[in-house]
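A short worksheet on the structure shown next.
Residue numbers (our numbering): 130 to 294.
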């Protein structure tokens with residue numbers, strides 16, 4: 130039996146100087162590459178709540194999640210709709226601080242924006258802001274993250290506009 134764990138990752142965007150979008154990535158010391166902020170979903174939180182928590186812990190930033198594509202629940206539906214991720218993907222994961230053997234992560238990938246890039250507290254990881262061009266050229270960025278970020282850079286104006294931010 131393969132162990133599967135829910136995780137949440139967040140591509141955090143900010144409109145920097147001259148209106149150019151930038152994406153924050155964090156340095157993952159064990160994997161030695163730049164990745165979106167993220168981590169395991171705890172038993173008392175949704176994937177969206179984990180996404181916001183992980184951004185705060187790893188970057189010190191207060192992120193505002195942008196809902197991913199999802200249909201609204203039917204009128205009269207008796208349960209609360211949660212913010213949908215942009216992507217959900219399953220990937221191999223090596224032993225980590227949650228599971229000592231190789232396992233799989235079911236990653237809920239979110240998009241967020243921050244207005245203020247000044248951390249409210251000391252980040253757990255080194256944070257770097259990448260423009261679209263820098264992200265395309267920078268070494269040590271996980272290739273799956275680079276592919277997702279490239280796609281999101283191409284859509285961020287529309288996504289933000291649709292969410293009236």
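Beta carbons are placed, not taken as given, at the ideal position from N, Cα and C, and that holds for glycine.
Inset, instruction - Hey, could you find the ends of the beta strand (DSSP E) residue 238 is sitting in? - result: 232-242 is the span of the beta strand (DSSP E), which, as asked, contains residue 238.
Legend entry - Inter-residue Cα distance where the pair is residue 229 and residue 222: 10 Å
Inset, instruction - Identify which residue in 277, 133, 272 and 198 has its Cα closest to the Cα of residue 139. - result: For the set 277, 133, 272 and 198, the Cα lying nearest the Cα of residue 139 is the one of 277.
Inset, instruction - List the endpoints of the continuous alpha helix (DSSP H) containing residue 195. - result: Per DSSP, residue 195 belongs to no alpha helix (DSSP H); it is in the beta strand (DSSP E), 193-195.
Inset, instruction - For the region 262-270 and the region 239-251, state whether three or more C-beta atom pairs, one from each stretch, are separated by less than 8 Å. - result: Result no; under three Cβ-Cβ pairs closer than 8 Å.
Inset, instruction - Take residue 133 and list the residues in its own chain whose beta-carbon comes closer than 8 Å to its own, dropping the five residues that flank it on each side. - result: 219, 232, 233, 234 and 235
Inset, instruction - Could you pull the start and end residues of the alpha helix (DSSP H) that residue 282 belongs to? - result: 272-282
Inset, instruction - Starting from the Cα of residue 273, find the closest Cα among 158, 162 and 145 and give me that residue. - result: 162
Legend entry - Straight-line gap, residue 271 to residue 165 (C-alpha atoms, nearest Å): 9 Å
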